[in-house]
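Peer 1: Following this message is one structure expressed as structure tokens.
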Amino acid sequence: MSSVEVAAPAEPAPLPLSTARHQLLLFGAAYLILWTVCAALIPRAMHIDSIEQVVWSQSWQWGYYKHPPLPSALMRALNLAFGGPSQALTAFAAQGSSVVAMGYVWLLARQMLAPRLTVVAVLLTSLLSYHTINALTLNHNTVSLPFTAAAFYYFYRGVVSGKRRHWLCLGVAAALAMLTKYSAVLALASLLVFVITQRLWRDARVLRGLALSLAVFGILLIPHVHWLIVNHFPTFHYAEHQLAPSKNRFVELLR
């Protein structure tokens, strides 16, 4: 019997980086427009967090009793620019944050992956709850996404390239993340853990970069820290109240 050779399936052609960029720009634009239009046309009550941002944005401060100020400041800027507040504008702000975050995911992915896989990385990220079931909710979690993603991107670029501008941008992104929600400190702490576990502290270039980032971070937080001191740390008191045993669901279940 004669053997029949079966040809192996052809490998897909490599996706050019420019094509991946264009595909993701189209995806981001469609994503942002469709969610905004849905918010404008489909009647639904706004989430309580979104209402909170609308209320706080009417009186901008360097902080509020519950959270840092950045999401409310961004909402106020959008209201002034586009005649808000409105449900569509709130959804636009939420999805704008998501699109920028996915943009930074792509920028980081392209440092490590082939162009085709960078697209896959962004599409997988778009399946997170922030981009789906909570897509129309503007809150501090949503707004923290782009700044946290940016911090990871600039940290990676700073470690690899050692360029001062990347460390500078890391300090800015980290400060903006903290001015959005204090829980960003957990994500930022993971960068420090990486520095320690990978022994990057032995690299003088990395230490100088981190010192620059920390200086920028501290300077940008000064107005908010001043507000905290003048107002007797209301956000900390709120967190303490929420973590009290009477508010702890786990403790309640044990009783």
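First residue of the sequence shown: 1, per the working numbering; consecutive thereafter. In this text, a Cβ means the ideal position worked out from N, Cα and C, and glycines have one as well. In this text the structure is predicted, and so the values were computed from the model without any measurement.
With three or more beta-carbon pairs closer than 8 Å as the criterion, would you say the segment 68 to 81 touches the segment 47 to 60?
Peer 2: Contact between the segment 68 to 81 and the segment 47 to 60 is present, because at least three Cβ pairs lie under 8 Å.
Peer 1: Does the segment 137 to 153 come close enough to the segment 27 to 37 to have 3 or more Cβ pairs within less than 8 Å?
Peer 2: Output reads no: the segment 27 to 37 does not touch the segment 137 to 153.
Peer 1: Between the alpha carbons of A150 and G96, how many angstroms are there, rounded?
Peer 2: For A150 and G96, the distance between alpha carbons rounds to 14 Å.
Peer 1: In angstroms with no decimal places, state the Cα-to-Cα distance between Y238 and H140.
Peer 2: Computed Cα separation, rounded: 15 Å.
Peer 1: List the whole-angstrom C-beta distance separating A260 from L188, where the pair is believed to meet the contact cut-off of C-beta under 8 Å.
Peer 2: Nothing about residue 260 can be read from this structure; the chain reaches only from 1 to 255.
Peer 1: My output table needs one value for T148: the three-state DSSP class, helix, strand or coil.
Peer 2: Helix at T148.
Peer 1: Less than 8 Å between the beta carbons of P115 and P16, yes or no?
Peer 2: The answer is yes: Cβ separation under 8 Å.
Peer 1: Hey, is Y182 close to the ligand MG, as in C-beta under 7 Å from one of its heavy atoms?
Peer 2: Of the ligands one can find in the structure shown there are none, so the ligand MG has no counterpart to examine.
Peer 1: Apply the 10 Å Cβ neighbour rule to R76 and answer buried if 16 or more other Cβ atoms are within range, or exposed otherwise.
Peer 2: So R76 counts as buried.
Peer 1: List the endpoints of the continuous alpha helix (DSSP H) containing H67.
Peer 2: Element bounds for H67: n/a, residue is neither H nor E.
Peer 1: Give me the Cα-Cα distance between L253 and L186, rounded to the nearest whole angstrom.
Peer 2: For L253, the predicted model reports a pLDDT of 49, less than 50, meaning its position is unreliable and no value from the coordinates is stated.
Peer 1: Would you call the CB atoms of A93 and A40 closer than 8 Å?
Peer 2: In this structure, A40 does not lie closer than 8 Å to A93 by Cβ.
Peer 1: Taking its Cβ as the centre, do 16 or more other Cβ atoms sit within 10 Å of Y65, making it buried, or is it exposed?
Peer 2: Exposed, because fewer than 16 other Cβ atoms sit within 10 Å of the Cβ of Y65.
Peer 1: Nearest by alpha-carbon distance to L24: which of M46, V100, N79, E52 is it?
Peer 2: The shortest Cα separation from L24 among M46, V100, N79, E52 belongs to V100.
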